[in-house]
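Q:
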Amino acid sequence: MFDFENLEVYKKAKFFNKSVSEILDDNKIDKVSYNQLRRASFSIMLNIAEGSGRYTNPDKRRFYVIARGSAFECAAIFDYLRDLNFIEEKKFQLFYISLEEISKMLFALIRKLEK
Numbered sequence: 001m002f003d004f005e006n007l008e009v010y011k012k013a014k015f016f017n018k019s020v021s022e023i024l025d026d027n028k029i030d031k032v033s034y035n036q037l038r039r040a041s042f043s044i045m046l047n048i049a050e051g052s053g054r055y056t057n058p059d060k061r062r063f064y065v066i067a068r069g070s071a072f073e074c075a076a077i078f079d080y081l082r083d084l085n086f087i088e089e090k091k092f093q094l095f096y097i098s099l100e101e102i103s104k105m106l107f108a109l110i111r112k113l114e115k
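Going by this note's numbering, the sequence shown opens with residue 1, and the numbers climb by one from there.
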């Protein structure tokens, strides 16, 4: 087993990515938003995994910062999709809450690695 598989934030990012894939398959979202959201949600998960495999704290931190940035990117895309009525408010709130939680968990990891 790889170290990242034990991280709770990785598990949540993996579940989030799966949920994004499901909603993308169920909606007729424009191609640009579709591709960007798919890449950004996948980026959260992949950067957590890659960061966990780095040897130094600054290296790990850099990847967690990138993952957190991708979470913010996903939040902005969902906000845009909600404004265009591609996603209903209830689903938007579920994704938003999930992203907030992932972001906070990543922030805690980032802060821990600053010391």
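C-beta: ideal position from N, C-alpha, C; glycine also.
1) Less than 8 Å separating the beta-carbons of Lys60 and Ser70?
2) With Lys104 as the anchor, note down where its alpha helix (DSSP H) starts and where it stops.
3) Tell me, to the nearest whole angstrom, how far the beta carbon of Phe107 is from that of Arg68; I am working on the premise that it is less than 8 Å.
4) With H, G and I counted as helix, E and B as strand and the rest as coil, what does DSSP make of Gly119?
5) So which of Asp30, Phe2 and Arg38 has the shortest CA-CA distance to Lys18?
A: So, from the listed chains and residues:
1) no
2) Glu89 to Glu114
3) Yes, they are in contact, since the Cβ atoms of Phe107 and Arg68 sit about 7 Å apart, within 8 Å.
4) This structure cannot speak to residue 119, because the chain is shown only from 1 to 115.
5) Arg38
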